[in-house]
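Here the structure comes first, spelled out in structure tokens, and everything after it is commentary.
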Amino acid sequence: MILNAAHLKKSFVGETVIDDASFFLNEHDKAAIVGPNGAGKSTLLNLLTGELPRDEGEVTLKKDCTLGYLHQDNTLDSELTIEEELTKVIQPILDLEAELSLMQREMKHAEGAALEKLLAAYTEAEHRYELMDGYAARSRVTGIIRGLGFSEADATRPLSSLSGGQKTRVFLGKLLLEQPDLILLDEPTNHLDLESIEWLETYLMNYAGAVLIVSHDRFFLDRIVNKIFDLNHGKVTSYDGNYTQFTEKKEALAEAAARAYENQQVEIKHQEAVIQKLRAFNREKSIKRAESREKLLDKVERLDNPYEAKKDMALYFTPDEVSGNDVLSVEHLSKAFGDNVLFSDLNFSLKRGEHVAIMGGNGTGKTTLLKIINGLLPPDNGTVTLGTKVFCSYYDQEHQVLHPEKTLFEELQDTWPDMTNTEVRNMLAAFLFTGDDVFKRIRDLSGGERGRVSLAKLMLSHANFLLLDEPTNHLDMESKEILERAIRAFPGTVLYVSHDRYFINRTATRILNLTEHCLVNYIGNYDYYLEKKADAERAAIPVTAPAPKGEENEGSSTSAEDYKTQKAQKAAEKKRRAELEACEQRIAELEETLRGIEEEFLLPENQRDAAALLAIQKRKDSAEEELADCYERWETLAD
């Protein structure tokens with residue numbers, strides 16, 4: 001065990017943020033702290049390092065444990081260059097290297113006992129040099145500079161000329177070079193592009209020490225961690241596994257808690273009915289029996305209502321009208337700002353029901369492309385054509401469509417004047433704005449709160465074509481998952497820009513990768529994209545050919561499919577359709593079964609028989625569980 005936290009408690013101005021939190025970390029663990037925005041994740045890291053004093057509890061580190069900590073905001077004030085600042089970390093190695101060189105020169109001129117003494121000292125120093133991995137020290141500095149996204153020219157830039165995000169990357173580089181026994185990382189993927197994030201993932205996966213991470217990047221956590229610490233209402237619950245495994249376990253526990261609560265409520269109502277009936281007999285024995293049952297019922301530990309405790313956004317997208325099959329056609333589209341060409345001669349189209357992600361490096365023009373499609377920017381060349389009965393709604397990552405001086409209430413009511421005051425309040429409550437929150441001004445909201453208001457407006461638009469620019473920015477993990485479910489269930493068309501690989505993996509049916517001024521088309525989610533990219537790299541095939549015009553007819557990839565591939569695809573599609581039909585039939589059967597079970601509950605003979613009610617409840621639980629599995633399978637097949 002490298003770290004043990006026991007019964008930690010921390011309050012700010014009377015509000016308890018961390019409450020009796022306990023957990024531990026083993027020497028080679030890669031763990032993550034997750035929880036909603038404002039849960040206290042960064043506070044917990046600061047308690048572990050001692051940067052914040054603890055109100056109660058103990059933090060114990062293994063003897064002689066070295067600790068490194070990356071904050072979200074790190075300051076580096078120096079006139080040194082990036083390379084010089086990072087090289088400072090390996091200075092002891094460089095000093096030893098200079099010492100070895102000096103001894104080598106001295107040994108050339110030494111004889112006898114002096115030579116033997118020098119040789120012994122050199123052997124001991126060389127052994128220390130090898131233990132410090134001295135031969136690879138300089139290449140490690142170079143590798144980290146490149147891995148964190150700095151070019152060879154960047155390496156000679158002074159730190160004073162860097163942005164805050166670039167300084168954070170340098171700080172992270174120093175931390176990785178120091179190789180502490182335990183690294184604490186607070187949002188390490190902030191300020192990194194996708195290539196640098198993938199490099200950091202590989203680095204941390206192979207890191208010999210322990211790592212504790214706070215991050216909203218679920219794909220990043222899935223690849224690295226083997227343990228999750230879930231921070232909620234000040235308490236920490238530990239789960240083994242990566243992020244996806246954690247969500248599956250947590251969901252299973254929540255379902256079990258809900259079933260236990262519902263079963264207990266059934267039993268309590270049954271006992272209360274029996275007690276009421278015994279009292280109605282109005283006889284001494286029956287009243288005593290009623291009192292005895294009441295005492296037993298009073299001793300029952302009541303389970304918390306899981307439905308009251310959980311407050312989530314109520315998000316769903318329902319188009320008012322079905323669009324035509326051809327939703328969007330982009331032809332020969334080009335855009336540049338001065339000499340900076342973002343893209344040229346882009347051609348692609350969308351069919352109804354497609355959920356398409358646009359990927360690409362920073363500055364490639366992804367947001368610009370969305371703005372052109374939405375009519376907010378003119379193209380230099382080319383056309384954008386919307387299909388029949390296509391109605392767009394746009395989610396702007398900067399939330400510029402919101403009015404800073406308006407209150408939340410005014411923002412919705414002014415856009416939809418036909419809504420009553422009650423309807424506006426109910427809509428805002430569905431997005432977790434209650435009471436006086438509805439009178440907050442937009443300018444005073446956090447990024448996450450503005451995101452929720454924008455999602456509320458998106459939902460109220462009832463559009464059948466959604467254009468989303470970085471929709472998961474500022475959302476906590478639970479809100480991201482709610483958005484994912486809403487998009488997956490949306491029967492309309494979606495085109496979005498996102499750097500959230502987990503989100504893309506869960507929602508995209510197709511990916512358009514904007515690279516080197518053109519688009520590459522991938523018919524699948526992020527896993528499929530990675531697979532095809534790896535195939536191309538292994539085969540040394542360039543993947544930068546533009547998606548051809550006409551791919552809208554079949555959704556074909558950038559290279560022609562050979563006969564065998566087409567045959568396999570047709571067979572797979574035939575199998576998918578057969579499975580889909582079977583799944584739909586089973587759903588209908590289960591829904592009919594559940595209707596019958598509901599009628600059984602109402603039969604007078606069953607109302608008086610607790611054993612019968614429990615048996616019926618078990619059958620209902622089993623049918624509902626199978627129905628949920630069928631719905632999930634249907635969604636997978638229908639995507």
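Under UniProt numbering, the residue at position 193 of the sequence shown is numbered 193, and the numbers go up by one with no gaps. All C-beta atoms in this analysis are idealised placements derived from N, C-alpha and C, irrespective of residue type, glycine included. In this text the structure is predicted, and so the values were computed from the model without any measurement.
Return the residue from the list the options that minimises the CA-CA distance to residue i.
i: residue 317; options: 382, 464, 385 and 407; result: 464
i: residue 495; options: 501, 54, 508 and 126; result: 508
i: residue 325; options: 285, 390 and 92; result: 390
i: residue 178; options: 68, 479, 611 and 254; result: 68
i: residue 16; options: 526, 261, 329 and 235; result: 235
i: residue 413; options: 393, 395, 460 and 381; result: 460
i: residue 365; options: 283, 379 and 45; result: 379
i: residue 312; options: 428, 160, 613 and 621; result: 428
i: residue 491; options: 466, 472, 471 and 479; result: 466
i: residue 451; options: 399, 392 and 340; result: 399
i: residue 392; options: 488, 443 and 320; result: 320
i: residue 583; options: 620, 596 and 627; result: 627
i: residue 45; options: 78, 5, 66 and 79; result: 5
i: residue 337; options: 381, 261, 462 and 469; result: 381
i: residue 39; options: 351, 11 and 65; result: 11
i: residue 165; options: 489, 74, 133 and 180; result: 74
i: residue 524; options: 158, 537, 506 and 56; result: 506
i: residue 410; options: 388, 457, 3 and 375; result: 457
i: residue 8; options: 589, 299, 425 and 23; result: 23
i: residue 161; options: 112, 180, 81 and 186; result: 81
i: residue 167; options: 25, 93, 79 and 97; result: 79
i: residue 305; options: 595, 264 and 402; result: 264
i: residue 363; options: 373, 340, 385 and 377; result: 340
Residues bridged to residue i by DSSP?
i: residue 521; result: 512
i: residue 13; result: In the DSSP output, where bridge partners are listed per residue, residue 13 has none listed.
i: residue 429; result: According to DSSP, residue 429 bridges with nothing at all.
i: residue 60; result: 4
i: residue 69; result: 184
i: residue 23; result: 5
i: residue 329; result: 349 and 385
i: residue 18; result: 10
i: residue 441; result: 407
i: residue 344; result: None, per the DSSP bridge assignment.
i: residue 207; result: Note: residue 207 sits in no beta bridge, so no partner.
Just to confirm, are residue i and residue j a CB contact at a threshold of 9 Å?
i: residue 359; j: residue 498; result: yes
i: residue 476; j: residue 188; result: no
i: residue 27; j: residue 62; result: yes
i: residue 481; j: residue 237; result: no
i: residue 129; j: residue 100; result: yes
i: residue 415; j: residue 441; result: no
i: residue 266; j: residue 243; result: no
i: residue 352; j: residue 493; result: yes
i: residue 470; j: residue 500; result: yes
i: residue 302; j: residue 290; result: no
Under 9 Å, Cβ to Cβ, is there at least one residue of chain B near residue i?
i: residue 431; result: In the displayed structure, chain B is absent; only one protein chain is listed.
Give me the Cα-Cα distance between residue i and residue j, rounded to the nearest whole angstrom.
i: residue 569; j: residue 203; result: 37 Å
i: residue 512; j: residue 521; result: 5 Å
i: residue 292; j: residue 258; result: 28 Å
i: residue 287; j: residue 295; result: 12 Å
i: residue 397; j: residue 593; result: 45 Å
i: residue 190; j: residue 433; result: 28 Å
i: residue 329; j: residue 356; result: 14 Å
i: residue 439; j: residue 405; result: 11 Å
i: residue 206; j: residue 222; result: 15 Å
i: residue 72; j: residue 200; result: 16 Å
i: residue 95; j: residue 126; result: 12 Å
i: residue 147; j: residue 437; result: 44 Å
i: residue 268; j: residue 250; result: 27 Å
i: residue 577; j: residue 486; result: 23 Å
i: residue 58; j: residue 502; result: 36 Å
i: residue 587; j: residue 630; result: 6 Å
i: residue 625; j: residue 599; result: 19 Å
i: residue 232; j: residue 350; result: 41 Å
i: residue 597; j: residue 605; result: 14 Å
i: residue 284; j: residue 298; result: 21 Å
Run the proximity test for residue i: is its beta-carbon closer than 8 Å to any non-hydrogen atom belonging to the ligand GTP?
i: residue 330; result: The ligand GTP is not part of the structure shown, which contains no ligands of any sort.
Could you tell me whether the segment 515 to 532 touches the segment 339 to 355, using the rule of 3 or more Cβ pairs below 8 Å? yes
With contact counted as at least three CB pairs below 8 Å, one residue from each stretch, are the segment 32 to 43 and the segment 207 to 217 in contact? yes
So, do the segment 369 to 383 and the segment 321 to 336 have three or more beta carbon pairs nearer to each other than 8 Å? yes
Evaluate the contact criterion for the segment 145 to 158 versus the segment 112 to 131: three or more CB pairs, one atom per stretch, below 8 Å. no
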